[in-house]
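K.L.:
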Amino acid sequence: MTRITYANYGDLEHIYSDMSKDDFVDHFWTIFGQPGVPRNTGGIQIISIGPATDERDTGGFSTGKVA
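Residue numbers for the sequence shown follow the UniProt record's numbering, so the first one is 1 and each next one is one higher.
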């Protein structure tokens, strides 16, 4: 399982998938990207990509507001 930790307009959130890392990143930007906006700019930014044991595995990150 792969986990993406991302900032969503100031909130730290996680999304999980059984896809390969590269496919999951492409899928993530299909969901959250906007045409004409470069990746990792604007309100949505990927903070970390890594393995997860299950959907409770936050990789050491807390969920909530990003300073």
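We put the CB at the ideal spot given by N, CA and C, even for glycine. Computed from a prediction, not measured in an experiment: that's the story for all the values here.
What's the gap between the Cα of residue 24 and the Cα of residue 40?
P.N.:
15 Å
K.L.:
So, with DSSP's three-state summary, where would you put residue 58?
P.N.:
In the structure shown, the three-state DSSP call for residue 58 is coil.
K.L.:
Considering only the beta carbon of each residue, do residue 14 and residue 53 sit closer than 8 Å?
P.N.:
no
K.L.:
So, are the CB atoms of residue 19 and residue 2 less than 8 Å apart?
P.N.:
yes
K.L.:
Quick check on residue 44: buried or exposed, where buried means 16 or more other Cβ atoms within 10 Å of its Cβ?
P.N.:
buried
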